[in-house]
Structure formats: structure tokens, C-alpha cells
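Chains as they are written, first to last, in my numbering: chain A, 1 to 212; chain E, 1 to 618. Let me begin by presenting the structure, written as C-alpha cells, before commenting on it.
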Amino acid sequence: MTIVQRTNRFFELSLNLRERALVVVAALLLGSVYLLPLWNLTMFAPQYPDGLRMNIYSYKLEGGNAGQDVKEINVLNHYIGMKDLAAEDFTEFKWMPFVVGAIGLLCLRTAAHGRMMDLVDVTVLYTYFAAFSLWSFGYKLYSYGHSLAPTAAVKVAPFMPPMFGHKKLANFDVYSYPAAGSYLLTLVVVLLVAALWLAWRDDAPAVMTVDT
Amino acid sequence: MKSTKVIWGSAALMVLALPAIGCAPSAPAGAKRTAAGASDIAVAAQKTFVAPGDLDEYYMFASGGHSGNVYVYGIPSMRHLSTIPVYSPYPATGYGFDDDSRKMLGNLTWGDVHHPSLSETNGDYDGRWLFVNDMNGRIARIDLRDFKTKQILGPVANISGNHSGAFVTPNTEYAMMGTRFSIPIPKGTVVPIEKYATEYKGVVAGVKIDKTSGEMSLGWEVMLPPFDFDLGDAGKKVSDGWMFWTSYNAERATGKLEVTASQRDRDYIAAVDWRAAEKAIADGKGDMIGGVKVIDPKKVPGIVYLMPCGKSPHGVDVAPNGKWIVGSGKLQGVTTVFNFEKIQTAIRNKDFTGEEDGIPVLKYESIKEAEVTVGLGPLHTQFGPDDFAYTSLFVDSAIAKWKLGTWEVVDKVPMSYSIGHLAAAEGDTVSPDGKYLVGLNKLSHGRHLSVGPSQPESSQLVDISEEKMKLLYDAFTEPEPHYAQIVKADKLHPIEVYPKEENKHPLAVWDVKDTGVTRNGTNVTVKAVLVRSTITPTSVTVNQGDTLTVAITNIEQTTDELHGFGLLDYNMNVVVDPGETKTFTIKADKPGVFPYYCTNFCSALHQEMQGYLIVNKK
């Protein structure tokens, strides 16, 4: 069989109940993105022994201490000329929930049609979306750290806030880690890839039979 | 020579006799800088040391006497945590400068706080409010949600020299007031001092407390003979519904009272059936005096009875079970315990020995349970668990520990020096904690680095957790602690910022965009915002003669981010807590340029938090 034939044949594969179930679970997990935070930033300083906390959701920023912590972070950042962290500046909050919803629908569509082609589509699309979101988040952090007002009371060199792990910024120890939502979103990829692999493996003996 | 022999002999005799004569010691026996040996010092240090960052177990609310303040301490560290201004302006918190607190203070800029009284539920502290008396006929309520003075009631009609407050009843139905310096009533009446015994009146009052808001209003007043009503305590449990007030000067004397008012062996404790007083007022009884209804016990019997108590009694304290009422005659060596049940029996049986202005005097022998020989100059009694009582002895400068029921004195600890009040942990409630007791002494005599003639008072922490009382710690305080109360820290739940959504001030603004100046004729209103590190507006221009009202909102919601607003040369400084709005009003009568700035250090750019008031010349 030529590679083209093989590929065509692969795309024509149908999904069994098990793979379809995995895709449905993936779709359900996507729903969690509306409930759980994607990223968590925690900042400690001598003056803030309890820390300042911020949870980033797909659609909102949530400060610790009943929202007070984000206000406090903004008050502190205004001294170095950083823009306020404001929900309306995060375009991600608009497109992320929409895209996640769309991918969820595509997952359900894949489960209903039970076609490998759809599964490949949604997996590729979702991986692209995840990668783009990560880049977008990183770029956002970069922008906040690099577009500092020239009139700031305290001049600091432009900086990249930590995206993953710990970084010391002035008197603050900043910790940035993915939160529950991100882990579940990662699990979505795992489930989709698992469905792909299982479907492919189930088919493998048949392919071999044809060969002999 | 014979005479030489005599001289030598006499000299030898004198040398022999010398040891027998001796000389006075340089200090009194038992006088030591510390009351304990070295090992006890280590124990005391451990018991009082609250490590950095750790919290105390109890709050102590101590009256600040004629400073007009209440001081808050942590127990057992004895660290001064906070000052709550009540009757005096206090620039540190801007109290007495902004419109509201200025209005509350009225024309008086001092007060004399003696007896803090924490609100109670079922005879136990509930951590809601603290009531404090003022000698100028006033009573104030501090809300323990934010540790701020919320209301000052008075001067209340007919009450003169309100020493005998603010003792609350077991469910905070009432806080009390009373006259120490009898006068002709209503206030403003002039009667020659020669007619003191008949024309001057003592008055006691119940101040009604609203259950939900804590708002105080006058409930009832009872007119009494011109004794000097000194201290009080509300009955609890079996004696709930009764109020006991000590008095001196049963002689109704004038002039040199230290002599003339100390002639009789017994004065009186007035027992007032406050539920009966409440009912009499509700039934429309009482005469209008000074604009308020006053009950005359002669016309409305069954409300007041007099309990003879030796001698010039100062404190009266009701034991946790409500049965024992301890009256301490300051001019004798015993404290007297009365039995509430016997008092009730004597009232029922009309077991009287006479009357004072129509008020029955109960027969002493019928109501007395015991005379406890605690020591000289007993003043006040507090209670611990297991029926122990602790009585302060002013003259002996000591605390006596004794047992209710057996009436035995079991221990004494010296106080340095001349103890007045004492406060045990929840020691005046239905369930005292024991553990700690603080002696609130009147003299400190060199137990601290010298600070000149105006000396602080000493407050000493005593461990009462064991059989023997042990002195743990000396602390010093500004004049002048009288009574104090010690409450378990977990009974209080103070807020740390004023939540934005609770701020209903009509002039509050929460965004610098909404700040600004509006003019209405010569009345100028400024809406200002304080937030790190700018006062907005940064300048205000008005004309000479304008009346300027400035409403300042601290829009922070962060703990400890207080901001001040000090206006130079206009005698103005307010401090605004996070989430709070305060207003102040000044007449801009001086032309010129006047800086204003943040007085309460807030941030790295605190110094820059400043602006200008420009007053154009007319």
C-alpha cells in the first residue's frame, strides 16, 4: 500500500464505543474550563505574609481575599508604571470560552459521527488552540512587564514575569503555576490522543492481514 | 582612780549594749525589686513572653481616667495595643476633628473614664460593645467591631459626677449611671450648701440599650438621698433584676469630707429593683425633673432598699453565682459579704431598722453572711473559678485571695504600690476564667526609668492559676487606669477594613474621576479620595470667607492602609481608615496657600502624598 492509500485508509477508520466514550469525556472535561482557574499567581513579600493571590480563568481574573488582592497588585504596580490588570484588556476572556465551546461541540460531533477524520481534526485544532493560548498568555505577561509608563515613580528594567515557577521581583517572591483548569485541559489532549491511538491500534491487525 | 574605773566600766557596758540597740534597716523587711526568686523569674518570663508574631490570649480594656481614653492591652504580654479615644480629641486617629466625632464630643474636650463595662449575654461577655462612664454625666458606647466610639449620651439630666457607671445588666438591658456629687436638681437650681442634707439629691439612672444597634437612651432615674454614689454592680443569676450601688457620706455632710463623711461606722449599699423601676416608668409614675421622669422612692415604694455596709464602702461586687454580694468598706480591715436570699427575706419580712427619706434600711445582722478579714483598705473584688475571690487592699498595698463559703483568706501578694481596682480574666462574669489578674496600682515609685515628676501608673500581672498567687510582670500606663476588664480574645471579631459596600456616606466617592469641588454660594464642598499615594484633588482653590466642607474617602480595601489629611495652619487633622469616609468643616478665614498632606504613613511615596489649599484674598 502506498502512503497515500494508508493515510486514506487511516482517515476512513471508524471509532469504537470506547474511543467515542473517551471523546465524550474530553468534551465534558472542556466544560470545567468555565469552573476552574487556568493559572495561579501568588506573590509574597515581607509586608504581605499571607501573600497576594490571583487566579486566571478562561473568562475572568479573580483576586484572593475577595478580589482585594488584584486591586492591591494594581496599586503596587502603578508605582512602576505597569498598566492595571483589567478584565477588559484580556481579549482572551472573550475568545477563549467561545473556542472551548466550539471545540466541545466538535468533540461531540466526532463522538456522534465516529470517524477518525473528525477526531484528527478536533485533536489538531485543540492542540493548536492550547499552544496559541499558552503563547497568548506568555505574550500578555511579557507586555505587562515591558510596557511600563516612562513617567513611573520607580524605574525598573522591563521584565518578564514568571510563567512557570518562581521568580524574585523586587521585594516579591512571585510563584506562577498552572491551576486545576489547565491540568484538565491537558488531560483533554491526552484523552483525544489516546482515542486516536486506540482506534489506530485496533485497526493495525486488519492492516497486517491485508498485507499478507 | 575610782572615777576612771566607772568611765571605763560604762564604756564597756555601752559597747556590749550596742548590738541590742541595733539600727533601722535601709529598706522595709520583705521589700524586693522583684517578688520572686531567680527560678520564679524564669517561669514568669516564660508565662508572659509572647513571641514576636504570636498573639495574646486576652484583651484587656483599661479605663484611661482623665485622659478620656480607653487603652487596649494584650494579656499576658501586657503590651499596649491600641488607644480608643472617647471623651478627648486624639489627633492620632483624627478623633475630635472630623464633623461626626466633634459633634459627639460637644463642648467638652475632656472626660474622666473610670469603669469600662463589656456587653453581656446571660452574664457572660459577648464581645459586642464596651460602655464607659464619664464623670461629666455622660456614658459612651464603643463598638468592638471596629473599636470606635459610636455614641456619647449626655450630659444626662440630674446626674452629677457620674462615677457609679457603666455597669451593664446580665443581658445588657441597661448600663448604669449615678451621682457621686449630689446637687440640687434639676441642674441649674441654686440652694445654699447649708441645706445639703435635705435639698441636694443623689440620682441613679438606667440607660436603656437597644438589643440590635446598641443605641443608648435614658430608661429611668431614681432620686436618692444626698449620699455619694460610688460604684456598682448588677445582680446576676439569682439576683438578676437588682442593681447594687455603694455610697459614702451617709452623714450627708459637707465641707471637709475626709473627716465629716467618715464619722459613721456604716454607710449604705443601695439595692435597686431595676425591673420595678422600669415598670414604674412604664406605668407613668415619676415626676418630671430636668425634662425627664424621676422616680421618688417615697411615692413609689418597693424599688430601693438600703443595705448598711461598713465603712465608707467603695466597691460592691456580685459573685458569679449571684448569691453573694461583696461590699468593701475602704476604711476598715474587713470586707462584708451579703446573702441575696437573706436580703429578699428581710424585704419580705419588713426587717427594717429605719429609713432614709422614706427608703427602708435593712437590718444589717439579718442580711450579712460574713465579714472577711482580708486586710486594710479593701476596695474591689474579682472572682476566679472554684469559688475564689480576690480583693484589692489599698492601704496594705496587696491582693488577698479568699474563699467564698468558708470565708478564709488563703493567700496574699504585695502590689507595688497602692492598688486600686483589679481585673481578673472575665472575673466579673458568671464564669470567671482564673489564670490572670491585673492589679491596677496608683503609684509606681521608681519601678521604672525615671520620667520626671509626672509618673506613669503601674499595672501588675499576677498569675492566679495556682494555689499561690505570683507576680509576673510590671507594666506602666498613662494616667490613669481605674477599672479594667479582661476578655478572651476569641470573643471579639473585629473587622480590619470598612467594606466598600457598607459605606453609605452621601459624599463618598470611590474613583478619582468622581472627585471635585462644588460651590453653592459661599459653601464649598470638596469630594476627595485618598489612595496610595495621592490626595485627589491635588489642589483646591476657594475664596476667603468660604465655608469649606471636605469629604474624604479612603478607597483602599487593604488592611492597615490608613491615610491622614493634615491641613496646616487650620488646626485640622483627620485620619481615614480603609473604606471610610469622613468630613470636616472649616471657615476659610485666612488667605494664603496652605499645604495639606497625608499624616499617617502609608507607602514608599507617602511623602509625595500632598496638595495645596489656596484661599484667595477677598
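Backbone N, C-alpha and C define an ideal beta-carbon position, used for all residues, glycine too.
Cut-off 8 angstroms between Cβ atoms - residues of its own chain near residue i, not counting five sequence neighbours on either side
i	result
E/P226	S182, Y196, A197, Y200, K201, G202, N249, R252
E/F229	H163, S164, G178, T179, R180, G202, V204, W245, T246, S247, A270
E/V304	V222, L224, A270, A271, V272, D273, P297, I359
E/M288	V294
E/N122	P170, N171, V430
Beta-carbon neighbours of residue i, restricted to chain A and to distances below 7 angstroms
i	result
E/R145	Residues of chain A passing the Cβ test: none, with the nearest at roughly 18 angstroms.
E/R532	V75
Cβ of residue i within 8 angstroms of any chain E Cβ
i	result
A/A153	yes
A/K83	no
A/E72	yes
Proximal chain A residues relative to residue i, where beta-carbon distance stays under 9 angstroms
i	result
E/L605	Y79, A153, V154
Any C-beta of chain A under 8 angstroms from that of residue i
i	result
E/T522	no
E/T619	Outside the shown range of chain E (1 to 618) lies residue 619 of chain E, about which nothing can therefore be said.
E/Q557	yes
Expected contact under 8 angstroms - CB spacing of residue i and residue j to nearest Å
i	j	result
E/T391	E/W402	7 angstroms
E/T373	E/G315	No, E/T373 and E/G315 are not in contact; Cβ-Cβ is about 17 angstroms, not under 8 angstroms.
A/R53	A/G67	Actually they do not touch by this definition, with Cβ atoms about 11 angstroms apart.
E/K488	E/D433	7 angstroms
E/A484	E/A62	4 angstroms
E/V615	E/K587	In fact, because the Cβ distance is near 10 angstroms, the residues do not count as touching under 8 angstroms.
E/V326	E/T381	5 angstroms
A/L15	A/A199	5 angstroms
E/G322	E/G235	6 angstroms
E/P595	E/L562	In fact, because the Cβ distance is near 20 angstroms, the residues do not count as touching under 8 angstroms.
E/L404	E/A423	Going by Cβ atoms, the distance from E/L404 to E/A423 rounds to 19 angstroms, so no, they are not a contact pair.
E/Q455	E/V438	That pair is no contact at about 19 angstroms.
A/Y144	A/K60	At roughly 17 angstroms, the Cβ-Cβ gap does not stay under 8 angstroms, so A/Y144 and A/K60 are not in contact.
Neighbourhood of residue i by C-beta distance below 6 angstroms, restricted to the same chain and skipping five residues each side
i	result
E/S160	T179, F181, I183
E/K442	S418, G420
E/F601	none
E/H66	D112
A/C107	V23, A26, A27, V122
E/D546	T522, V524, A588
A/R117	Residue 117 of chain A is actually Met in this sequence, not Arg. Cβ neighbours of A/M117 beyond the five flanking positions: F11.
Neighbourhood of residue i by C-beta, 7 angstroms cutoff - its chain only, sequence neighbours within 5 removed
i	result
E/D396	G375, L376, G377
E/V361	L306, P308, F352, T353, G354, E355
E/Y95	P85, P89, S101
E/V550	V526, A528, T583, F584
A/V210	Confidence at A/V210 is low in this model, with a pLDDT of 46, below 50, so its placement is unreliable and the value that follows should be read with caution. Result list for A/V210: empty, nothing under 7 angstroms.
A/A149	G81
E/G290	A157, N158, I185, P186, K187
A/V189	Y126, T127, A130
Beta-carbon neighbours of residue i, restricted to chain A and to distances below 8 angstroms
i	result
E/R519	Ordered by position in chain A, no residue passes the 8 angstroms Cβ test against E/R519, which lies about 31 angstroms from the chain.
Of the listed residues the options, nearest to residue i (C-alpha basis)
i	options	result
E/H482	E/K150, E/D112, E/E365	E/D112
A/G104	A/D84, A/M117, A/L125	A/L125
E/G566	E/D387, E/D98, E/I75	E/D98
A/V142	A/P150, A/A157, A/R9	The sequence given here has Tyr at residue 142 of chain A, not Val. Looking at the Cα atoms, A/A157 is the closest of the given residues.
A/A111	A/F11, A/H146, A/L22	A/L22
E/D267	E/K500, E/G329, E/A400	E/G329
E/V238	E/Q344, E/P313, E/V487	E/Q344
A/A170	A/F159, A/D202, A/K140, A/A130	A/F159
E/V512	E/A489, E/K488, E/K504, E/P537	E/P537
A/T42	A/R201, A/A179, A/Y34, A/H113	A/A179
E/V540	E/S533, E/Q610, E/P479, E/Y473	E/Q610
E/V292	E/L257, E/W242, E/W220, E/V542	E/W220
A/R20	A/F172, A/P162, A/L119, A/G181	A/L119
A/A153	E/H606, E/P494, E/V191, E/N133	E/H606
E/S458	E/D134, E/H80, E/A604	E/H80
E/Q263	E/Y597, E/G284, E/Q332	E/Q332
A/F172	A/L30, A/Y34, A/F44, A/R9	A/F44
E/V593	E/V542, E/T559, E/N554	E/V542
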